[in-house]
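Colleague: Pasting in a structure now, in structure tokens, and then I'll have a few things to ask.
Chains as they are written, first to last, in my numbering: chain R, 13 to 517; chain E, 121 to 546.
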């Protein structure tokens, strides 16, 4: 069919977002009929590249060729017409509709009088599933299916579009082993039918079983494209993380103090998931004047762990947590606050910021009772309260009463850290504090966190960026799928070793 | 006080010079003028304009002939609406909605009346005074009922996890029916005959009815209290935080369910208070009709006053002005077209809300390039709006005026549509 040996050629693709270059001159060539894996750390640009391929984003520079033809997508519909289907990490299905309706969503078949022809859609849907060799009833409510089956619905949708190129973005992250194996068989069947597969995954074993070739991205740049037979998993992970660690070494000569926190056998169940648990048998200590880093891929349980420590989780957990020798069981963040534990949440916008409060209001929120005069909040006292951290941390703001939403990400994050510092915490939990923050602000936050630690705080830091942990942490714990798979001291830790532990299992 | 602080990376005009004592903190002047925002001053202007227009257009010249009576009418209606609009404001800022306040008004009056009936059946039936103690117990019972209803709402919302809209929709329908049932069974039990209303003729209620300054003072004090609460207390800040970002509020250690508990109780108790004034005004507790539909007026006053239904945003001065504006416009229409205000009240409230909120978004519409009349929807909206305008004009000012208004609206909207099409073509 194709006149070109390449199903997809993306040449010199550049994509900028405000403050970040997500993709910098990336070239990707995918041969027709191959399984091409794309590997990279979180934030390496994999998803952005795939969103350009599927028409969600338009590149700022570069050329896109599909089946040898120069193309320019202005929307996902264009990409669908060119035969490209993408199966996102977060499935895009309407849970309340039956399976067949989801497969044909937006392209419904119509029969007499223009009414919906459910029967022909269901029949065609059933045919697609038998082609995939799996038993999903087209009439089932989609939300009742297991995640693995929902993924098959997406694949069936791709097939019904006659897609010749299917992109799968970390498809097995939510699957059991049996489901993953079935998905692998499905992929092999698709390839046998001549479909080209782009496969994004962290899991080296899968990549090496499935892929013909592997492309590695790092920091928005193309590192290498190699034949799977000519490389090893270790080499790939090396390329994924092998950048120069930016910035300076901050962790030296900290004074480790008394033990603040002792976690033993912490388990957090996850009943509705095949894995059954979010966290399993986690044990570790935190001392004053120490930064413990927690590494792990998305969904490994980093946030869940911090939420348990902060009393913010909804589910009940088992195990013991001792704070300065006393067992604690926080049921609400309020209790954690009172015990001098503070948490800076990931996803500032959703979980941290109050867009309708000004800078002062955002900073003073947790310690507003200190600004009471005769039972009423005194403006002047509140300003003085908020001015402290704003000044000390050098928050760049036009004023205390400026809108918080007008500040840059780094300055917003400083305000939130300031909010918690006003509560005078002893344990500070930082959940991916530098996500979406530009490089300069990151360096400032690093020295800020280092300074806090030197003042005697115990800090637990999670990050999706390994260099950040290596820069800041005294010890690094690695989580993989809810289990603690490794603990490295500062001297032992390397990016490759952490990555290996994080992709284990 | 202190020398000016140099502005940091900000337009200098926005940086004020005052800093707290001893501090070098930066301060940004709030965009207020004599303590009120520009939108609130616009409301003041709109109120004055409405009064002026009524004075000029009203052929009976009632504002000139009977200034005192006109003023007391507006004041009483505004105070009654404002009392529970303040409650609605707190609930809306906390990110919720209370649809039940109209029914709460009916229930509150009924509770007060049935309590008094139970304590002093002879006096009530004989339209006589029941004494301050009995009135006090009745009033207290009504306010406690408000607290209980607020608690029920919070329980439904936080423990059963119903959306606030559903929970208070259920009580909107349920409480009025409950109040009527209560009224009938109490009258049946005490007097022997079922009645859907109870007359209340105690002199205390008469004093309240005849003295407009009582509801106005209560409203003013309540507004002051609510204003202090929202701007100067920790709880008030937590209400704003809850409405602005509920998840973040919880993660900041705020007991969000307790804040909601306060908000819904405040909403229901202000409605209960308003219910007592309605009973005094009409000398009767009538659960079937008292306060019917008023919940939407309260929400409208809050929204016209600048509350955002997505929560976190709103002010007490805004709501007070919103309530005044609504009542002034309703009064204006009833004066100008000489029918009872009740006939067109709903229509006026609806139109005022749409226009007020549209005006607040005009800037975004003009800037963002979004169209007011896009595509086929816009084409169909043009005759719809023109018909509506024409029909309203025909009902209020006669057939010819209706036709003229309809055609005029059609032309204006057509021109707007053409202008928008040309702009987007560019």
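A virtual CB, placed ideally from N, CA and C, is assigned to each residue, including glycine.
Measure from the alpha carbon of residue 169 of chain E to the alpha carbon of each residue in E/536, E/445, E/474, then state which is nearest.
Modeller: Reading the second chain from its first residue, position 49 is the one you call residue 169 of chain E. Nearest option by C-alpha distance: E/445.
Colleague: What in chain R is Cβ-close to residue 353 of chain E, meaning under 8 Å?
Modeller: Sequence index remark: in the second chain, residue 353 of chain E carries index 233 (1-based). Correct list: 387, 388, 389.
Colleague: Given residue 382 of chain R, which residues of its chain have a CB within under 7 Å of its CB, disregarding the five upstream and five downstream residues?
Modeller: Within the first chain, residue 382 of chain R is the residue found at index 370, counting from 1. For residue 382 of chain R, where only same-chain residues beyond five positions count, the Cβ hits under 7 Å are 397.
Colleague: Please list, in chain order, all residues of the same chain as residue 304 of chain R whose beta carbon is under 6 Å from its beta carbon, the five residues on each side excluded.
Modeller: As a working note, residue 304 of chain R is residue 292 in the first chain. Here the set comprises 298, 472, 487.
Colleague: Taking only the alpha-carbon atoms, compute the straight-line gap between residue 143 of chain E and residue 360 of chain E and give it to the nearest angstrom.
Modeller: Here residue 143 of chain E is taken as the residue at index 23 of the second chain, counted from 1. Here residue 360 of chain E is taken as the residue at index 240 of the second chain, counted from 1. Any answer about residue 143 of chain E is weak, because its pLDDT of 37 lies below 50 and its placement is not dependable; what the coordinates show is given next. Approximately 27 Å between the Cα atoms of the pair.
Colleague: Based on Cα-Cα distance, which residue from R/167, R/419, R/125 lies nearest to residue 519 of chain R?
Modeller: Residue 519 of chain R cannot be examined here, being either before or after the span of chain R that is shown, 13 to 517.
Colleague: If you run the structure through DSSP and keep just helix, strand and coil, what is residue 79 of chain R?
Modeller: Here residue 79 of chain R is taken as the residue at index 67 of the first chain, counted from 1. Of the three classes helix, strand and coil, the one that applies to residue 79 of chain R here is coil, per DSSP.
Colleague: Determine the direct distance from the alpha carbon of residue 389 of chain E to that of residue 137 of chain R, and round the result to whole angstroms.
Modeller: If you number the first chain from 1, residue 137 of chain R lands on position 125. If you number the second chain from 1, residue 389 of chain E lands on position 269. So the alpha carbons of these two residues sit roughly 57 Å apart.
Colleague: With the cut-off set at 8 Å, would you say residue 203 of chain E and residue 339 of chain E are in Cβ contact?
Modeller: The residue you call residue 203 of chain E lines up with position 83 of the second chain. The residue you call residue 339 of chain E lines up with position 219 of the second chain. Going by C-beta atoms, residue 203 of chain E is nearer than 8 Å to residue 339 of chain E.
Colleague: Among R/411, R/153, R/228, R/96, whose alpha-carbon lies nearest the alpha-carbon of residue 4 of chain R?
Modeller: Residue numbering for chain R in the displayed model covers 13 to 517; residue 4 of chain R lies beyond these limits and cannot be assessed.
Colleague: Name the chain R residues whose beta carbon is nearer than 9 Å to that of residue 433 of chain E?
Modeller: As a position in the second chain, residue 433 of chain E is number 313, starting the count at 1. The answer, in chain order, is 368.
Colleague: Would you say residue 5 of chain R faces chain E, with C-beta separation under 8 Å as the test?
Modeller: Outside the shown range of chain R, which is 13 to 517, sits residue 5 of chain R, and nothing can be said about it.
Colleague: Where does residue 378 of chain R fall in DSSP's three states?
Modeller: Counted from its first residue, the first chain places residue 378 of chain R at position 366. If DSSP states are grouped into helix, strand and coil, residue 378 of chain R belongs with the helices.
Colleague: What does the alpha-carbon distance come out to for the pair residue 252 of chain E and residue 324 of chain E?
Modeller: Taking the second chain and counting its residues from 1, the one referred to as residue 252 of chain E is at position 132. Taking the second chain and counting its residues from 1, the one referred to as residue 324 of chain E is at position 204. Those two C-alpha atoms are separated by around 7 Å.
Colleague: Measure from the alpha carbon of residue 265 of chain R to the alpha carbon of each residue in R/457, R/365, R/462, R/146, then state which is nearest.
Modeller: Sequence index remark: in the first chain, residue 265 of chain R carries index 253 (1-based). Considering only alpha carbons, the answer is R/462.
Colleague: If we cut at 8 Å on Cβ distances, does residue 345 of chain R have a partner in chain E?
Modeller: Counting from one through the first chain, the residue named residue 345 of chain R turns up at place 333. Closer than 8 Å: yes.
Colleague: Give me the Cα-Cα distance between residue 344 of chain E and residue 359 of chain R, rounded to the nearest whole angstrom.
Modeller: Working through the second chain from its first residue, we reach residue 344 of chain E at position 224. Working through the first chain from its first residue, we reach residue 359 of chain R at position 347. Cα to Cα, the separation comes out at about 38 Å.
Colleague: Would you say residue 216 of chain E reaches chain R, if we count a Cβ-Cβ gap shorter than 8 Å as a contact?
Modeller: As a position in the second chain, residue 216 of chain E is number 96, starting the count at 1. Not one chain R Cβ lies under 8 Å of residue 216 of chain E.
Colleague: Excluding the 5 residues flanking residue 401 of chain E on each side, which residues of the same chain have their C-beta closer than 6 Å to its C-beta?
Modeller: For the purposes of this step, residue 401 of chain E is identified with residue 281 of the second chain, where counting begins at 1. So the list reads 329, once near-sequence residues are dropped.
Colleague: Considering only DSSP beta bridges, list what residue 319 of chain E is partnered with.
Modeller: For the purposes of this step, residue 319 of chain E is taken as residue 199 along the second chain, with counting starting at 1. Bridge partners of residue 319 of chain E: E/404.
Colleague: Pull up the CB-CB distance for residue 434 of chain R and residue 401 of chain R, whole angstroms please, since I reckon it's below 8 Å.
Modeller: Indexing the first chain from 1 puts residue 434 of chain R at position 422. Indexing the first chain from 1 puts residue 401 of chain R at position 389. Between residue 401 of chain R and residue 434 of chain R the Cβ distance is about 6 Å, and since that is below 8 Å, they are a contact.
Colleague: Compare the C-alpha of residue 72 of chain R against each of R/79, R/85, R/78, R/351 and name the closest.
Modeller: Numbered from its first residue, the first chain carries residue 72 of chain R at position 60. Taking only the C-alpha atoms, the option nearest residue 72 of chain R is R/85.
Colleague: Do you know offhand how far residue 296 of chain R's Cα is from residue 279 of chain R's?
Modeller: What you label residue 296 of chain R is simply residue 284 of the first chain in a count that begins at 1. What you label residue 279 of chain R is simply residue 267 of the first chain in a count that begins at 1. Between residue 296 of chain R and residue 279 of chain R, the C-alpha separation is close to 13 Å.
Colleague: Flag residue 373 of chain R as yes if its beta-carbon sits less than 8 Å from any beta-carbon of chain E, otherwise no.
Modeller: Here residue 373 of chain R refers to the residue found at position 361 of the first chain. It does; some Cβ of chain E falls within 8 Å.
Colleague: What first and last residue would you give for the beta strand (DSSP E) that runs through residue 124 of chain R?
Modeller: Numbered from 1 along the first chain, position 112 holds the residue referred to as residue 124 of chain R. First-last for residue 124 of chain R: undefined, no H or E at that position.
Colleague: Would you give the residue range spanned by the beta strand (DSSP E) that residue 26 of chain R belongs to?
Modeller: As a first step, residue 26 of chain R is located in the first chain; it is residue number 14 there, counting from the start. Residue 26 of chain R -> beta strand (DSSP E) spans 18-29.
Colleague: Using only alpha-carbon positions, find the residue among E/419, E/242, E/510, E/335 that is nearest to residue 531 of chain E.
Modeller: Translated into the one-based positions of the second chain, residue 531 of chain E becomes position 411. Of the listed residues, the one whose Cα sits closest to residue 531 of chain E is E/510.
Colleague: Any chance the segment 301-310 of chain E sits against the segment 225-235 of chain E, with 3 or more Cβ pairs inside 8 Å?
Modeller: Enough Cβ pairs lie closer than 8 Å, so yes.
Colleague: Quick check on residue 485 of chain R: buried or exposed, where buried means 16 or more other Cβ atoms within 10 Å of its Cβ?
Modeller: Here the question's residue 485 of chain R lines up with position 473 in the first chain. Under this definition residue 485 of chain R is a buried residue.
Colleague: Go ahead and label residue 189 of chain E buried or exposed: buried means 16 or more other beta carbons lie within 10 angstroms of its beta carbon, across all protein chains shown.
Modeller: As a working note, residue 189 of chain E is residue 69 in the second chain. With fewer than 16 other Cβ atoms within 10 Å, it is exposed.
Colleague: Along chain E, in chain order, which residues have C-beta atoms closer than 9 Å to that of residue 516 of chain R?
Modeller: Along the first chain, read from residue 1 onward, the residue named residue 516 of chain R stands at position 504. Per Cβ cutoff of 9 Å: no residues; residue 516 of chain R is ~31 Å from chain E at best.
Colleague: Please report whether the beta-carbon of residue 314 of chain R lies at a distance below 8 Å from any beta-carbon of chain E.
Modeller: The count along the first chain starts at 1 and reaches residue 314 of chain R at position 302. With 8 Å as the cut-off, residue 314 of chain R does not count as an interface residue toward chain E.
Colleague: Roughly how many angstroms lie between the CA atoms of residue 112 of chain R and residue 134 of chain R, to the nearest whole one?
Modeller: Mapped onto the first chain, residue 112 of chain R falls at position 100. Mapped onto the first chain, residue 134 of chain R falls at position 122. Whole-angstrom Cα-Cα distance: 5 Å.
Colleague: State the start and end residues of the unbroken alpha helix (DSSP H) segment that holds residue 220 of chain R.
Modeller: Here residue 220 of chain R refers to the residue found at position 208 of the first chain. Residue 220 of chain R -> alpha helix (DSSP H) spans 216-222.
Colleague: Are any of the Cβ atoms in chain R nearer than 8 Å to that of residue 371 of chain E?
Modeller: Here residue 371 of chain E refers to the residue found at position 251 of the second chain. With 8 Å as the cut-off, residue 371 of chain E counts as an interface residue toward chain R.
Colleague: Is it the case that the segment 402-411 of chain E contacts the segment 180-195 of chain E, given that we only count it when at least three CB pairs across the two stretches are under 8 Å?
Modeller: Touching, no, given that fewer than three Cβ pairs across the two stretches are closer than 8 Å.
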